[in-house]
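Asks: Below: one structure in structure tokens.
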Amino acid sequence: MVSQVEILSDREKELLANYDSRLYGFLRQHDPIGDPSLPNLNHRSLLLKGVVYFEKELQEKGKSAHPAIFSKLGHLHLLTEDLPKALSAYQKFYNLPNVDYWKDAPFLYGIGLVYFNFSAYQWATKVFQQVLYLDPGFSCSNEVHLRLAIIYKAQNNYEASIKHFHMALMDSNPCSLSKEEIHFHLGHLFEMQNKCQEAQEMYETLINSPGVSNGIKANAYKQLGWMYYNKEHLGDRASRMQKAVQLLQKAIETDPSNGSTWYLIGRCYAMQGKVHDAFTSYRHAIDKSEANADTWCSIGVLYQQQNQPMDALQAYVCAIQLDPMHVAAWTDLGILYEACDQPGDAIMCYSAAKKYGATDLAIDARIKALQAKQAMAAKSAPNVKKNIPSVGEAWKLPIPAELTTRTMRNVQAKMVQSGQSSLTTSQSLQLLYTQQQLQQQQLQHQQLQPDRNTLLMNNHVQPQEPKPPEINKGLQPVVDQKQPPIFQGQTSLPPSSNGNNFTMHNGNTELDVNTSNGINGHHPQQQQNFVNNSNGRLGLESQGIGQQNGPVTGAETVALTSLSSDPLLSSASSRASDISSSLGQSNSMLLTAQSVSNSSRHSSEVLPSPMEGLTSNTSVTSSEGTSSLPDALTRSDNPTLGSGGGSTNEYSSSSFSSPTYVSSPTQKFSTSVSFSPNLTQPLTVNACSLSPSSKQSLLSPSLISPPMIAMASPSLSKSPLTSGIGPSAFQVPKVSLLYDATAIPSPPKQPHPPLPTDKLSPPTPSISVENKRDAYSQALQNFALSPSQPVTVIRGLANALKLDLNLYSTKTLVECNGDHQLEVRMQRQQASDENWDPQGEKKVWLCESSRSYTTIAKYAQYQANTFQESLKEEEERITKSKEPIQSDSDSSSSSRSKKNSRGFKFKWIKFGTNVDLSDERKWKDQLQELNKLPQFIRVVAPNNLLSHFGHTILGMNSVQLYMKIPGSRTPGHQENNCLCAVNMNIGPGDCEWFATPSEYWGVIHNLCEKHGINFLTGSWWPVLEELYEERVPVYRFIQRPGDLVWLNPGVVHWVQALGWCNNIAWNVGPISAHVFNAAVERYEWNKLQGEKSIVAMIHMTWNLARNIRVSDKRLYEHIRVILERTLKYCQITLDNLKRSNIEVQWHGRRPDEAPHYCIQCEVEVFNLLFVFVTNNRKHQVYCQDCARKTSSTLEGFSVLNQYTMEELMETYKSFKLYTVPSVSQEPIQSHPPAMSQPSSSYVHQTI
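Residue numbers (the numbering used here): 5 to 1251.
Rendered as structure tokens:
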């Protein structure tokens, strides 16, 4: 007999067709669907019936079932918040053959949400980026931007986070966070960047704005108070403390229930020496369910300062029981034992602090001194009386009543939640003591695990550099004076790798603040996971991938290390269940036995590919609330969801660093933050207003009514594989410049088969030029432009052409324009084939530098001073060793650093870069001298793409100069838009180059991701050993004075100066199909990554169509395709504007006018400009997508037209394939021609 649950009526099938991932977070599951024919049916019941129906269909049809059923099941499981099953269904849809999953935005969005909820942030980022690339006008793009902002904030990529928060803020669609909450995040990001004035203005605006909830105001007061506490430049200590106390008192008045504020004001009182007030505030923090390791550690410090060692010991032990990896507690406990003359116990505590992230060298010094003292004491007095219990005995001390009561409440709440009767007091205590014994066993077990620093290194997370207590000043325990606020529901994580990291959490999270003037990282960061609860709230829960039965990748650890920084975003809905509320209000820092075991269970496992098969019966079940990690998140491959296939990347394994409460992904925790009505009352989906077509199948696209849900764009397609991505009446057409418009750009896969080891250091192609005839020969051009040669060194070119290199010498530059601006990069001086971490302990990829500005004259003085210092050092060495002096171009000791031992301090040097020589009035002689070069190398030439741009792009179609001393580095990169590059060494010293072919940039991209560095925008210096392990060939060569280096498209390269020298450089774009295609691919890749392309390819393509005749058929077809698509875009947009009665105003275009980019998303805006005038009369250009997100009716926007459609159509029609007449080749001229004829394979200029 068929169950009634397995049967769906026609109306139910019609309604189910409208449910997909875009409703996630906005669907009230238990509300009725509102259909008169189905009065007793709510959304959840319908979703569950749909799940049963589709699963039955899969069982019956097997392999013949419709592929989209898996995607639909994924949507339904996602909406019912069964995340493991949602992931399983999505992965099966992904693995099906012949399914263009990358064209389905709702599918990508759904699987991205699952990755995000499981804290797989690297994968979530990739998928979310593809959603925005596939459909820039995606109806849930604000939710995508919001999650990307959270991820980038967690990864300390503050500028990217700010950009995406702004994108979410300007979107008028419903959002999981209110505008006020997003503004709070922006204020906090300013604070994290040490932009205190901007942060203060943002916080004060929130405080003074009407209608802002008390929770947000309280958090704003709290952050302002904490800024005054720990930002030394805001005034003297006394005035800062007074101001901080005033602000924190206002926060308490606004929200008295927030215990974290009590904790912070206690810290302020302690700083002021008001011990009694500090104790009282800490007790209030405990009373408000805010007891955590930081509070107990602070109490311990106060006890120790009052000379109460037993009470201090008890408090420190409580802190460590709550967080066994709390660096500050271990350090302060070591100070206590040292003060009590118990060196053995102090050594154990200091060693534990080091194990769990302390990196300060003073701790090593204390350990050595104590070991020596212990050895002497053992000889003289082997049996020394202990002043306080030892470390082992300390765990047997009675637990304070506050901690016991809090733990009992937690245990009872869990029992109530699991349906069991309440425990008696004795049973609760017995369970508590059993749990503590397990914690102690776990702690002992952790002592046998690999060193935490090793695990962090494998995870590509470098620990902070905590500032230790003032060990040498009376051994006084010191609470971390840079320790940020403590908010709710957090557990500890290792310190972040970023020295300027600020992490803020809600409730009793801590905000880990490290500043450049003083890093003190005793209190490690704490972590939560962001999830969407059923109320539509983007919240943080005390559960995530790390607490599940599986390991965490390095990338995820990076994200989680600072993801706990969001007091507002970390809030779940205040309408959570009573049981969840009681759990959220209890002591979230207390370790359960289950969570302890989960935290290190899989320290040796690796994360497998989520793209491989996943069983659909994976579920979130456990009597203790644990969540089984789906198999798809326990594999190692890196899923790049692209049409071209994904590249793989293995992650180092590690145990999750901080145990916490374990709960299902759907469990919600209440917080003290109030939300605006639009968030606590999500929009309701009324089934009656969903009017699908009568011909629509169950898998048809979503047709959700915009006034009702304002989320899903209606679709006219009936294909289940294109659900939700059909065009609406005014949908913005997407323009891709790739020849295959359906493709998604992706890094190239590693060439196969891998190169043998003896081919990994190939000789660099070089050619010597002896005279002008050689320099202007076609053979030289063909040799350099050959795609088979990534790099070419042209030696002797300057002498052959009699170039006056003195024009670019430091002396001449100073005489011409000594006050010209120059950018300075402060770098560590190292050997060219090495890149060490700041401690000199291991090789890393991150190549850090700081930016400042000066003048040519001042840097010239610096160059001269360093040269004089080097000569003096060399003379001293000669006097001692009688060794000959090395020349400037040699790899001298001043430009090479030896492998650094622990604690070695690198020499800091200044690299003068990006000196703009584009102004012909200032640099006329220098620019004219370059006209002696062969035409294919010149800055301006008819067969150069960039010469047809019509506008100056600094450093590309203009000359830039670099002023160097030994050790100056240009980190690894590809040229903008992967164009060719020219670099000439002026001398007198040498430069050393490293370069890899363009087909290997995908491998290097994956290695950058492995090390937590952005390939496009990050600063990195490859570790050669890792490149060789990946079978990446590296060209390595010396560029001497007068040598010119030519780089073909897409070559990855990095350069270091071996001597004192200057270099000049620019880009060239030979007009060929190969170069043009490389530029377009990088243009689209930048768009996918959300980065701006400084070469506006649409603008340049139309200029090429106007200015040149093309004989290369491939190049002609590609250019023509781009013209067609942009022409179609303009026509459709004009038609849509006309139907909307929106006037298009003529604007025209000046000859020297620069291309326009969207002020929000930074994509190129061609022809039709959507201009918004701000309050200060500033005109801002938007793309059509961002303009319509800001206002669906384009209210407040003016639409300007730069070209008429007739003009564009005429250009399109006149652009035709040019046939080269058969003529004999002209003899090679021995002098530079005024306009030499380029090869027929390139271009013929239109006359």
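C-beta atoms are modelled at their ideal positions from N, C-alpha and C, and glycine is treated no differently.
Note that the structure is predicted; figures quoted are calculated from it, not measured.
Using the C-alpha atoms, what's the distance from N981 back to P1256?
Replies: Residue numbering for the chain in the displayed model covers 5 to 1251; residue 1256 lies beyond these limits and cannot be assessed.
Asks: When you compare the CB of I351 with every CB in chain D, is at least one pair closer than 9 Å?
Replies: In the displayed structure, chain D is absent; only one protein chain is listed.
Asks: Hey, how far is the Cα of V103 from the Cα of P1001?
Replies: The residue given as residue 103 occupies position 99 in the sequence shown. The residue given as residue 1001 occupies position 997 in the sequence shown. Cα to Cα, the separation comes out at about 33 Å.
Asks: Taking its Cβ as the centre, do 16 or more other Cβ atoms sit within 10 Å of V216, making it buried, or is it exposed?
Replies: Residue numbering aside, residue 216 sits at position 212 when the sequence shown is read from its first letter. Burial call: buried.
Asks: Count the other CB atoms within 10 Å of the CB of S792; is the residue buried (16 or more) or exposed (fewer)?
Replies: Taking the sequence shown and counting its residues from 1, one reaches residue 792 at position 788. The residue is exposed, with fewer than 16 neighbouring Cβ atoms inside 10 Å.
Asks: Taking contact to mean at least 3 C-beta pairs separated by less than 8 Å, is the stretch 928-936 in contact with the stretch 872-881?
Replies: Taking 8 Å as the limit for Cβ pairs, the verdict is that the stretch 872-881 does not touch the stretch 928-936.
Asks: Under 7 Å Cβ to Cβ from L1163, same chain only, skipping five residues before and after it: list those, please.
Replies: Counting from one through the sequence shown, the residue named residue 1163 turns up at place 1159. Reading off the sequence shown, one finds Ile at residue 1163, where the question assumed Leu. Contacts found: Q1184, V1185 and Y1186.
Asks: Bridge partners for I798 per DSSP, in chain order?
Replies: The count along the sequence shown starts at 1 and reaches residue 798 at position 794. According to DSSP, which records beta bridges pairwise, I798 is partnered with I771 and L1048.
Asks: If I follow the unbroken beta strand (DSSP E) through W912, where does it start and stop?
Replies: Numbered from 1 along the sequence shown, position 908 holds the residue referred to as residue 912. Counting along the chain, the beta strand (DSSP E) containing W912 begins and ends at W912 to D920.
Asks: In chain order, what residues of the same chain lie with their CB nearer than 7 Å to the CB of Y137, ignoring the 5 residues before and after it?
Replies: Here residue 137 refers to the residue found at position 133 when the sequence shown is read from its first residue. Same-chain partners within the cutoff: I748, K1091 and L1092.
Asks: Can you say whether A1077 is buried or exposed, counting buried as having 16 or more other CB atoms within 10 angstroms of its CB?
Replies: The count along the sequence shown starts at 1 and reaches residue 1077 at position 1073. So A1077 counts as buried.
Asks: Could you tell me whether the Cβ atoms of Y94 and I73 are closer together than 9 Å?
Replies: The residue you call residue 94 lines up with position 90 of the sequence shown. The residue you call residue 73 lines up with position 69 of the sequence shown. No, these two residues do not count as a Cβ contact at 9 Å.
Asks: For the stretch 936-951 against the stretch 780-799, are there 3 or more C-beta pairs whose distance is under 8 Å?
Replies: Yes: at least three Cβ pairs fall under 8 Å.
Asks: Quick one: what does DSSP say N947 is sitting in, helix, strand or coil?
Replies: Along the sequence shown, read from residue 1 onward, the residue named residue 947 stands at position 943. If DSSP states are grouped into helix, strand and coil, N947 belongs with coil.
Asks: Below 8 Å on the Cβ atoms is my contact criterion, and I expect I1102 with I1126 to pass it. Report the Cβ-Cβ distance as a whole number of Å.
Replies: For the purposes of this step, residue 1102 is taken as the residue at position 1098 of the sequence shown. For the purposes of this step, residue 1126 is taken as the residue at position 1122 of the sequence shown. Yes, they are in contact, since the Cβ atoms of I1102 and I1126 sit about 7 Å apart, within 8 Å.
Asks: Please name the residue in V1038, Y162, A1191 and N948 whose C-alpha comes closest to that of N1107.
Replies: Taking the first residue of the sequence shown as 1, we reach residue 1107 at position 1103. Checking every option, the nearest Cα to that of N1107 belongs to N948.
Asks: Would you mind stating whether Y966 and I1068 have Cβ atoms separated by less than 9 Å?
Replies: Indexing the sequence shown from 1 puts residue 966 at position 962. Indexing the sequence shown from 1 puts residue 1068 at position 1064. Yes, Cβ-Cβ distance for Y966 and I1068 is below 9 Å.
Asks: Pop quiz: Q833 and W840 are said to be a contact at Cβ under 8 Å. What is the actual Cβ separation, rounded to whole angstroms?
Replies: Locating residue 833 in the sequence shown gives position 829, where the first residue counts as 1. Locating residue 840 in the sequence shown gives position 836, where the first residue counts as 1. Incorrect: roughly 11 Å between the Cβ atoms, too far for contact.
Asks: Looking at I1075 and the ligand FAD, is the gap between the Cβ and the nearest heavy atom below 8 Å?
Replies: Annotation note on the ligand FAD: not contained in the displayed structure, which lists no ligands.
Asks: Nearest-angstrom Cα distance between L210 and N262?
Replies: Numbered from 1 along the sequence shown, position 206 holds the residue referred to as residue 210. Numbered from 1 along the sequence shown, position 258 holds the residue referred to as residue 262. Each residue's Cα considered, the two are about 18 Å apart.
Asks: Given R48, which residues of its chain have a CB within under 8 Å of its CB, disregarding the five upstream and five downstream residues?
Replies: The residue labelled residue 48 in the question sits at position 44 within the sequence shown. Only Q33, H34 and T84 meet the Cβ criterion.
Asks: Considering only DSSP beta bridges, list what F1258 is partnered with.
Replies: Residue 1258 falls outside the range modelled here, since the chain spans only 5 to 1251, and no answer is possible.
Asks: How is H1122 classed by DSSP in three states: helix, strand or coil?
Replies: If you number the sequence shown from 1, residue 1122 lands on position 1118. In this structure, H1122 counts as helix in the three-state DSSP scheme.
Asks: What are the boundary residues of the beta strand (DSSP E) that includes A1069?
Replies: The residue you call residue 1069 lines up with position 1065 of the sequence shown. That run of the beta strand (DSSP E) goes C1065 to V1072.
Asks: Does DSSP put T1208 in a helix, in a strand, or in coil?
Replies: For this step, residue 1208 is matched to residue 1204 along the sequence shown. Correct three-state label for T1208: coil.
Asks: Helix or strand or just coil, what does DSSP make of F97?
Replies: Taking the sequence shown and counting its residues from 1, the one referred to as residue 97 is at position 93. Helix, per DSSP.
Asks: Just to confirm my understanding: we take R1044, look at its own chain, exclude 5 residues before and 5 after, and list those with CB closer than 8 Å. What are they?
Replies: Taking the first residue of the sequence shown as 1, we reach residue 1044 at position 1040. So the qualifying residues of the chain are R799, S893, N989, G991 and D994.
Asks: Distance check for K130 and P71, CA to CA, integer angstroms please.
Replies: Numbered from 1 along the sequence shown, position 67 holds the residue referred to as residue 71. Numbered from 1 along the sequence shown, position 126 holds the residue referred to as residue 130. Their Cα atoms are separated by approximately 23 Å.
Asks: How big is the Cα-Cα spacing for G270 and S182?
Replies: The sequence position of residue 270 within the sequence shown is 266, counting from 1. The sequence position of residue 182 within the sequence shown is 178, counting from 1. Straight-line Cα distance between these residues: approximately 31 Å.
Asks: Is it buried or exposed for D923, if we count other Cβ within 10 angstroms and need 16 for buried?
Replies: Indexing the sequence shown from 1 puts residue 923 at position 919. D923 comes out exposed.
Asks: Going by Cα to Cα distance, which pick from H1057, H79 and L45 is closest to G29?
Replies: Taking the first residue of the sequence shown as position 1, residue 29 is located at position 25. Measuring from the Cα of G29, the nearest candidate turns out to be H79.
Asks: Are there 16 or more other CB atoms within 10 angstroms of the CB of G543, so buried, or fewer, so exposed?
Replies: The count along the sequence shown starts at 1 and reaches residue 543 at position 539. Residue placement at G543 is poorly supported in this model, since its pLDDT is 37, which falls under 50; the coordinates are not used for a value here.
Asks: Pop quiz: E1166 and K1117 are said to be a contact at Cβ under 8 Å. What is the actual Cβ separation, rounded to whole angstroms?
Replies: In the sequence shown, the residue the question calls residue 1166 occupies position 1162. In the sequence shown, the residue the question calls residue 1117 occupies position 1113. At roughly 33 Å, the Cβ-Cβ gap does not stay under 8 Å, so E1166 and K1117 are not in contact.
Asks: Can you tell me whether DSSP reads S854 as helix, strand or coil?
Replies: Residue mapping note: residue 854 aligns to position 850 of the sequence shown, counting from 1. Of the three classes helix, strand and coil, the one that applies to S854 here is strand, per DSSP.
Asks: Beta carbon of G229, beta carbon of C272: below 9 Å?
Replies: Taking the sequence shown and counting its residues from 1, one reaches residue 229 at position 225. Taking the sequence shown and counting its residues from 1, one reaches residue 272 at position 268. Yes, they are a contact pair.
Asks: Cα separation between I220 and F188?
Replies: Locating residue 220 in the sequence shown gives position 216, where the first residue counts as 1. Locating residue 188 in the sequence shown gives position 184, where the first residue counts as 1. Approximately 8 Å, taken between the alpha carbons.
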